[in-house]
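Every position in the sequence shown, counted from 1, becomes a number in this note's numbering once 30 is added.
Remarks on the structure that follows.
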Amino acid sequence: MEKKVLKDGRVFLTVKLEKLREAVKTLRERGFQHLIAITGLDAGDHLEAIYHIARGGEVLSLRVIVPSEKPEVPTITDIIPGALFYEREVHDLVGIAPVGHPDPSPLLLPDDWSDEPPPLRKSTGGGEAK
């Protein structure tokens, strides 16, 4: 586990992908029960899933590195039910699939999007808004 504290006091913890569920359970037991958001990031050579979890006014960001070749994370919906929509959003936009999710249907993208890469992947090339 790697820990980084930013100037504003926000704490970033990086854990191994296989330790994600254990880390979320531990944080929940320590009072971090409010999932604010899950951020999906295409870092070029890998993907990242960052779980922003709060306890009172304190925010902790839990980061996992996700291999681009196998863009999957275990679902945390059974630990934090509020992850239900966030996991689907990250799957739609970045392509990180929540394995074991109770409803993996698209949240934001149309059903026929499957032939195209997720819109926030660097492989889409960006481009100009139309």
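We treat Cβ as the ideally placed atom computed from N, Cα and C, and that holds for glycine.
Beta carbon of residue 79 nearer than 7 angstroms to that of residue 70 = Numbered from 1 along the sequence shown, position 49 holds the residue referred to as residue 79. Numbered from 1 along the sequence shown, position 40 holds the residue referred to as residue 70. Their beta carbons are under 7 angstroms apart, which means residue 79 touches residue 70 by this criterion.
With a floor of 3 residues, list each beta strand (DSSP E) that falls wholly inside the stretch 79-142, ordered by position along the chain.
-> 88-96, 102-104 and 127-129
Look up residue 64 in the DSSP assignment and give the residues it is bridged to.
-> Position 34 of the sequence shown, counted from the start, is the residue given in the question as residue 64. The partner list for residue 64 (beta bridge, DSSP) reads 84.
Can you say whether residue 158 is buried or exposed, counting buried as having 16 or more other CB atoms within 10 angstroms of its CB?
-> Stepping through the sequence shown from its first residue, residue 158 is reached at position 128. A caution first: residue 158 carries a pLDDT of 48, below 50, which makes its placement in the model unreliable, though a value can still be read off. Classification of residue 158: exposed, given that the 10 Å Cβ count is below 16.
With 16 other Cβ atoms within 10 Å as the buried cut-off, status of residue 125 | Here the question's residue 125 lines up with position 95 in the sequence shown. Buried.
Assign residue 107 to buried or exposed, taking buried as 16 or more other Cβ atoms, counted over all protein chains shown, within 10 Å of its Cβ.
-> For the purposes of this step, residue 107 is identified with residue 77 of the sequence shown, where counting begins at 1. Label assigned to residue 107: buried.
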